[in-house]
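Residue numbers (my numbering): 2 to 54.
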């Protein structure tokens, strides 16, 4: 009985780790996309002279 309980708890921990990895990967993709877009907007602004003199 104790081995069954430990395996189910390990499965629950494994699932939560998988969910956590999916959440962190989504956050990484979103933050990377925002960063790239910010850099592109700043570069275009400098190119067209909207920022700086």
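Think of the CB as a built atom: it goes at the ideal place given N, C-alpha and C, for glycine as much as any other residue. Owing to the predicted nature of the structure, the values given are computational and were not obtained by experimental measurement.
Once DSSP output is grouped into helix, strand and coil, what is the label at residue 51?
coil
CB-CB under 7 angstroms to residue 50, same chain, minus the five flanking residues each way: which ones, in chain order?
none
CA-CA distance, residue 47 and residue 40?
11 angstroms
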